[in-house]
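Enquirer: Here it is, the structure, as structure tokens.
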Amino acid sequence: MEKKGFTLVEIMIVVSIIALLAAIAIPNLLAARRTANEAAAKATLRSLSTAAETYSASKSGAYPTAISSPGLVDFIGSAGSYCVNATGTSSSVQGYNYACTLTSSGYTFVATPITFGTTGSVTYTASTGGTITPL
């Protein structure tokens with residue numbers, strides 16, 4: 001009677017091919033995720049900056065002095081927002097920590113990677129006037 005099935009050598013070849021494909025794909029996946037996190041951080045800073053500039057335009061040039069300033073876009077002041085969460089500390093969203101400094105003469109928003117090199121490789125800053133710069 002003839003037995004049907006795979007030999008140990010055949011199984012080892014299949015496992016080694018799968019391991020080779022995983023070794024090629026995983027670093028590319030991580031790099032794509034890091035790039036996506038960086039793009040999201042820039043977009044978030046752009047949104048925060050636009051909200052502060054819009055507030056300033058509607059208040060004769062005065063910038064908001066607090067996240068909870070009346071008239072500032074709701075997503076900035078809400079609990080669990082990008083800028084400050086309900087406890088008043090910086091918040092973490094999509095691989096980046098966000099911190100805000102607001103004064104009546106301007107603002108600074110900073111996005112810092114949670115784990116440098118893994119979740120992101122660039123720290124971004126948005127300052128008064130809407131300028132976003134990598135550090």
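Going letter by letter, the sequence shown gives residues 1 to 135 in my numbering. The beta-carbon is built from N, C-alpha and C at its ideal position, and this holds for glycine as well.
Check whether the stretch 58-69 touches the stretch 102-112, taking contact to mean three or more Cβ pairs, one atom from each stretch, closer than 8 Å.
Expert: A contact exists between the stretch 58-69 and the stretch 102-112.
Enquirer: Please tell me whether SER49 and GLY130 are closer than 7 Å, where the distance is taken between their beta carbons.
Expert: Cβ atoms of SER49 and GLY130: closer than 7 Å.
Enquirer: How big is the Cα-Cα spacing for LYS42 and VAL110?
Expert: If I take the Cα positions, the gap works out to 10 Å.
Enquirer: How is PRO64 classed by DSSP in three states: helix, strand or coil?
Expert: Correct three-state label for PRO64: coil.
Enquirer: For a minimum of 4 consecutive residues, which ranges assigned as the alpha helix (DSSP H) are wholly contained in the stretch 16-52?
Expert: DSSP runs (the alpha helix (DSSP H)) wholly in the stretch 16-52: none.
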